[in-house]
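Asker: In this note's numbering, the protein residues as written are 1 to 606. Here a beta-carbon is modelled for each residue, glycine too, at the ideal position from N, C-alpha and C. As the structure is a computational prediction, the values presented were derived from the model and not from experiment. Mind having a look at this structure? Questions to follow.
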Ligand code: HEM
């Protein structure tokens, strides 16, 4: 297995050479996750059928036409129009990105053994066999939050973990959280007002020399995803406190405590991904039908989970179209009265470790995130106001991308033009990547899924003349990424994915969770194994408990066991009623509950 560092960038176009150089420079603690898992096609038969792919011949011409299509997908510069608003709040965009970083990485890497890549004007699409033999996913495709935990804390000094740096020295079951700066690197006070709760300045990623010390550096790619990652660090720590208080039996030693807290965090996250995130972004009924009737398409290959390329390279990149050029970030940076200024999209990338948290071309470097930039999540979560207030809404899932996505600040900077411009252009990259990695066309995916194909009229519906001209060569064989976006636009008003997109995204996500024997959906099966071990432990514990445990402990244990009995009786999988609770007894059922428990959204923090 190659020993690859966690420090790669999202689309930060990391080359093998760069990876090697960074590995030479960094101490071993930065190699917190060392995995290579399989990519494969969800539908290998169509990926192997030339009729289902864009033609491999005339590649130069196809590449040129894909670039034109990419150009036409980008909105013109200027204020975003009112009709870009979707009914989805913008937190789902960056939650989506966070999920991407938890389960898939590397489709964007120019790997030397792939010989060629999308920066060449005449690259040849790789054969599906070559892709699956050579391209490896640098993530475990399970929702286990390796992006947050790395390989875990060092609880036994004889067995140090690579990720030990992510955990607090005096309480190693807890993750480090960064402190917000009140002064910039020059010692000048940070302007603006504090974000409630004002005294809480623990709302940054932990950093070493400004570089985020986290399980996946892509989560410091932009400020919003970084703040979302921070919420996970805080949520985990709050769960540790909750277990200590409410389940003392599970807090008897650090190992037990960490495992219990981590398990609870993972199950809450997985449950929310299925029941909040997926239900919000996919067509109504998709999730329920898969949960009720089972998976139709995703199955492990050779007994192993794999990441479907149709998901990573096409369908799941739907999130790029939800990215907005300007948000209502917080009371300092907004178009609302009383703001310091209205902030640009560019600044989201400036206030990251890569850009020295405010360094060029921002107002000046900081050592940690200045307090004035803490994201105010209540501006990002409200489903009722989303469609009405543009800044509080994700953009529609459609074939119009926000202008700044054609000029990504942190991409391609080491390259010369025209490669530099290409790498800065997300729409072109997505389309070329799909061609390069032989992703089947939208039409062939629709056929395979048994879904009515988009008609030529639908593919062209509402397009500008420029877009329709660029689309002309692809009307019969449409790149899957464009197809998924257009399907959402014409069949779901851009407020959710359409049927093809929904199926691929939901089958993949639920397929990965369902086939992970440690997930919340398999809690019952594992219960049997654990029960056996537990019973043995319990026998041993029994005598000791009699002497040492106080009455309070026993009450808690009894409550916990009662819950388990109920769960068994009613034959249910794990659900939030068995998880942590807000101080008012509320369960974690939507993302706002999660943020409140983490203490990053005013309300019932723990
Ligand atoms: C400002 C926000 C974002 C930026 C700047 C960004 C940028 C990028 C870039 C540059 C790539 C590599 C493209 C390539 O060369 O193949 C990429 C890949 C990807 N993006 Fe995004 N992205 C953003 C948000 C999102 C969101 C919201 C989602 C989904 C909801 C998403 C899903 C993906 C996926 C699945 C990949 C492929 C990952 C892999 O290598 O397996 N991204 N993104």
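1. Write down the C-beta distance between residue 92 and residue 277 rounded to the nearest angstrom, noting that I regard them as a contact closer than 8 Å.
2. What do you reckon, is the C-beta of residue 433 under 6 Å from a heavy atom of the ligand HEM?
3. How many Å lie between residue 39 and residue 123 at the Cα?
4. Please state the DSSP three-state secondary structure of residue 277.
5. From the DSSP output, in three-state form, read off residue 338 for me.
6. Pull up the distance between the alpha-carbon of residue 291 and that of residue 297, whole angstroms please.
7. Taking residue 307 as the reference, give the member of 101, 75, 224 and 216 with the closest Cα.
8. Quick check: the Cα distance between residue 95 and residue 192, rounded to an integer number of angstroms?
9. Assuming residue 306 is part of the beta strand (DSSP E), what are its boundary residues?
10. Please give me, in chain order, every unbroken run of the beta strand (DSSP E) with length at least 3 that falls completely inside the region 327–383.
11. Determine the closest residue to residue 228 out of 177, 365, 171 and 197, with distance taken between C-alpha atoms.
12. Taking just the CA atoms, how far does residue 399 sit from residue 482?
13. Out of 116, 146 and 130, which one is the CA nearest neighbour of residue 103?
14. Output needed for residue 492: all residues of its chain with C-beta closer than 7 Å, excluding positions within five of it in sequence on either side, in chain order.
15. Taking all protein chains shown into account, decide if residue 217 is buried (16 or more other Cβ within 10 angstroms of its Cβ) or exposed.
16. Round the Cβ separation of residue 234 and residue 598 to the nearest angstrom and send it over; I've been treating them as touching at under 8 Å.
17. Please report how far the alpha carbon of residue 208 lies from the alpha carbon of residue 141, in whole angstroms.
18. By Cβ distance below 7 Å, which residues in the same chain neighbour residue 558 in space, the five residues on each side in sequence not counted?
19. Does the ligand HEM have a heavy atom nearer than 6 Å to the CB of residue 312?
20. Quick one, are the C-beta atoms of residue 390 and residue 85 less than 7 Å apart?
21. Whole angstroms are fine: how far does the CA of residue 592 sit from the CA of residue 274?
22. Pop quiz: residue 377 and residue 574 are said to be a contact at Cβ under 8 Å. What is the actual Cβ separation, rounded to whole angstroms?
23. Let me check understanding here. Comparing Cα to Cα, which of 505, 466 and 239 lies closest to residue 587?
24. With a threshold of 16 other CB atoms inside 10 Å of the CB of residue 360, please say whether the residue is buried or exposed.
25. Just mark residue 385 as buried or exposed, buried being the case when its beta carbon has 16 or more other beta carbons within 10 Å.
26. Three-state secondary structure (DSSP) at residue 298?
27. Residue 148 to residue 281, Cα distance in whole Å?
28. On the premise that residue 173 lies in contact with residue 264, defined as a C-beta separation below 8 Å, what is that separation, rounded to the nearest angstrom?
29. Expressed to the nearest angstrom, what Euclidean distance is found between the alpha-carbon atoms of residue 452 and residue 468?
30. List the endpoints of the continuous beta strand (DSSP E) containing residue 37.
31. Looking only at DSSP bridge pairs, what is residue 204 linked to?
32. Would you mind reading off the limits of the alpha helix (DSSP H) that contains residue 619?
33. Which runs of the beta strand (DSSP E) spanning at least 3 residues fall entirely within the region 440–512, listed in chain order?
34. The alpha helix (DSSP H) that contains residue 270, what's its start and end?
35. Please say whether residue 486 and residue 445 have beta carbons closer to each other than 7 Å?
36. Straight-line CA distance for residue 74 to residue 494?
Answerer: On the basis of the data shown:
1. What you label residue 92 is simply residue 92 of the chain shown in a count that begins at 1. What you label residue 277 is simply residue 277 of the chain shown in a count that begins at 1. Contact flag correct, Cβ pair sits at about 6 Å.
2. One-based indexing of the chain shown puts residue 433 at position 433. Yes.
3. As a first step, residue 39 is located in the chain shown; it is residue number 39 there, counting from the start. As a first step, residue 123 is located in the chain shown; it is residue number 123 there, counting from the start. Distance between the alpha carbons of residue 39 and residue 123 is about 21 Å.
4. Start at 1 with the first residue of the chain shown, and residue 277 comes out as number 277. Helix at residue 277.
5. As a first step, residue 338 must be located in the chain shown, where it is residue number 338. If DSSP states are grouped into helix, strand and coil, residue 338 belongs with coil.
6. Walking along the chain shown from the start, residue 291 turns up at place 291. Walking along the chain shown from the start, residue 297 turns up at place 297. Each residue's Cα considered, the two are about 13 Å apart.
7. As a first step, residue 307 is located in the chain shown; it is residue number 307 there, counting from the start. Sorting 101, 75, 224 and 216 by C-alpha distance to the C-alpha of residue 307 places 101 at the top.
8. Working through the chain shown from its first residue, we reach residue 95 at position 95. Working through the chain shown from its first residue, we reach residue 192 at position 192. So the two alpha carbons sit approximately 27 Å from each other.
9. In the chain shown, residue 306 corresponds to position 306, counting from 1. Start and end: 306–308.
10. Segments of the beta strand (DSSP E) lying fully in the region 327–383: there are none.
11. Stepping through the chain shown from its first residue, residue 228 is reached at position 228. Comparing Cα-Cα distances from residue 228 to each of 177, 365, 171 and 197, the minimum goes to 177.
12. Taking the first residue of the chain shown as position 1, residue 482 is located at position 482. Taking the first residue of the chain shown as position 1, residue 399 is located at position 399. Whole-angstrom Cα-Cα distance: 7 Å.
13. Residue 103 sits at position 103 when you count from the first residue of the chain shown. Among 116, 146 and 130, the Cα nearest to that of residue 103 belongs to 146.
14. If you number the chain shown from 1, residue 492 lands on position 492. Taken in chain order, the residues that qualify are 283 and 498.
15. Along the chain shown, read from residue 1 onward, the residue named residue 217 stands at position 217. By the C-beta density criterion, residue 217 is buried, having at least 16 other C-beta atoms within 10 angstroms.
16. Walking along the chain shown from the start, residue 234 turns up at place 234. Walking along the chain shown from the start, residue 598 turns up at place 598. About 4 Å; that satisfies the 8 Å criterion.
17. Here residue 208 refers to the residue found at position 208 when the chain shown is read from its first residue. Here residue 141 refers to the residue found at position 141 when the chain shown is read from its first residue. Between residue 208 and residue 141, the C-alpha separation is close to 28 Å.
18. Locating residue 558 in the chain shown gives position 558, counting from the first residue. At residue 558, the pLDDT of 46 sits below 50, so the modelled position is not reliable and the matter cannot be decided from this model.
19. For this step, residue 312 is matched to residue 312 along the chain shown. Yes, Cβ of residue 312 sits closer than 6 Å to a heavy atom of the ligand HEM.
20. Taking the first residue of the chain shown as position 1, residue 390 is located at position 390. Taking the first residue of the chain shown as position 1, residue 85 is located at position 85. Cβ atoms of residue 390 and residue 85: closer than 7 Å.
21. As a first step, residue 274 must be located in the chain shown, where it is residue number 274. As a first step, residue 592 must be located in the chain shown, where it is residue number 592. Their Cα atoms are separated by approximately 15 Å.
22. The residue you call residue 377 lines up with position 377 of the chain shown. The residue you call residue 574 lines up with position 574 of the chain shown. Not confirmed; about 26 Å, so no contact.
23. To locate residue 587, count along the chain shown from 1; it is residue 587. That would be 239, whose Cα lies nearest to the Cα of residue 587.
24. Walking along the chain shown from the start, residue 360 turns up at place 360. By the 10 Å Cβ count, residue 360 comes out exposed.
25. As a position in the chain shown, residue 385 is number 385, starting the count at 1. Label assigned to residue 385: exposed.
26. Indexing the chain shown from 1 puts residue 298 at position 298. Of the three classes helix, strand and coil, the one that applies to residue 298 here is coil, per DSSP.
27. Residue numbering aside, residue 148 sits at position 148 when the chain shown is read from its first letter. Residue numbering aside, residue 281 sits at position 281 when the chain shown is read from its first letter. Approximately 23 Å, taken between the alpha carbons.
28. If you number the chain shown from 1, residue 264 lands on position 264. If you number the chain shown from 1, residue 173 lands on position 173. No, residue 264 and residue 173 are not in contact; Cβ-Cβ is about 12 Å, not under 8 Å.
29. Within the chain shown, numbered from 1, the residue matching residue 452 stands at position 452. Within the chain shown, numbered from 1, the residue matching residue 468 stands at position 468. Our two residues, residue 452 and residue 468, have alpha carbons roughly 22 Å apart in a direct line.
30. The sequence position of residue 37 within the chain shown is 37, counting from 1. 37–40 is the extent of the beta strand (DSSP E) around residue 37.
31. Locating residue 204 in the chain shown gives position 204, counting from the first residue. 178.
32. In the structure displayed, the chain extends from 1 to 606; residue 619 sits before or after that span and is not available.
33. none
34. Within the chain shown, the letter at position 270 stands for residue 270. For residue 270, the uninterrupted alpha helix (DSSP H) run begins and ends at 254–272, by DSSP.
35. Taking the chain shown and counting its residues from 1, the one referred to as residue 445 is at position 445. Taking the chain shown and counting its residues from 1, the one referred to as residue 486 is at position 486. Not a contact, by the Cβ cut-off of 7 Å.
36. Along the chain shown, read from residue 1 onward, the residue named residue 74 stands at position 74. Along the chain shown, read from residue 1 onward, the residue named residue 494 stands at position 494. Rounded to the nearest angstrom, the two C-alpha atoms are 16 Å apart.
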